[in-house]
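Novice: Number 18 in this note's numbering belongs to position 18 of the sequence shown; there are no gaps in the numbering.
Each residue gets a CB set at the ideal place from its N, CA and C atoms; glycine is no exception.
Note that the coordinates shown come from a computational prediction; the quantities given were computed from them, not determined experimentally.
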Amino acid sequence: MEQLARTPNDIGHALRQARKQQGLSQQALATLSGVWQETISKIENGSPGTRLETIFDLCAALNLEIVVADRSKGTTDFLEDTL
């Protein structure tokens with residue numbers, strides 16, 4: 001799975017998609033990551049202000065990593081089509 005993420009909504013969408021692909025409920029992910037289910041719900045819905053440490057905890061539980069790269073000229077519009 002590889003997705004471009006530039007906003008809290010993009011990150012939330014990517015995490016939700018990974019969670020669902022792995023067949024996990026939000027509660028199961030909460031148990032794996034140590035992040036409250038309510039917090040996972042807020043992140044998946046694009047809530048701004050999430051601590052970076054929390055995002056890393058979720059990524060680790062989902063076996064994901066964050067890659068920092070030069071900004072491309074592409075857009076994230078294609079992500080809206082997958083919702």
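1. What number of angstroms, rounded off, separates the C-alpha of threonine 39 from the C-alpha of alanine 5?
2. What residue range does the alpha helix (DSSP H) around proline 8 cover?
3. For the alpha helix (DSSP H) containing leucine 62, name the first residue and the last one.
4. Could you spell out the range, first to last residue, of the alpha helix (DSSP H) harbouring serine 72?
5. Candidates Ser72, Ala14 and Phe56: which alpha carbon is nearest leucine 32's?
Specialist: Result, derived from the coordinates:
1. Within the sequence shown, the letter at position 39 stands for residue 39. Within the sequence shown, the letter at position 5 stands for residue 5. Looking at the two C-alpha atoms, the distance is approximately 19 Å.
2. Counted from its first residue, the sequence shown places residue 8 at position 8. First-last of the alpha helix (DSSP H) with proline 8: 8-21.
3. For the purposes of this step, residue 62 is taken as residue 62 along the sequence shown, with counting starting at 1. Where leucine 62 is concerned, there is no enclosing alpha helix (DSSP H), given that its DSSP letter is neither H nor E.
4. Taking the first residue of the sequence shown as 1, we reach residue 72 at position 72. Careful: serine 72 lies outside any alpha helix (DSSP H) and carries neither H nor E.
5. The residue labelled residue 32 in the question sits at position 32 within the sequence shown. Comparing Cα-Cα distances from leucine 32 to each of Ser72, Ala14 and Phe56, the minimum goes to Phe56.
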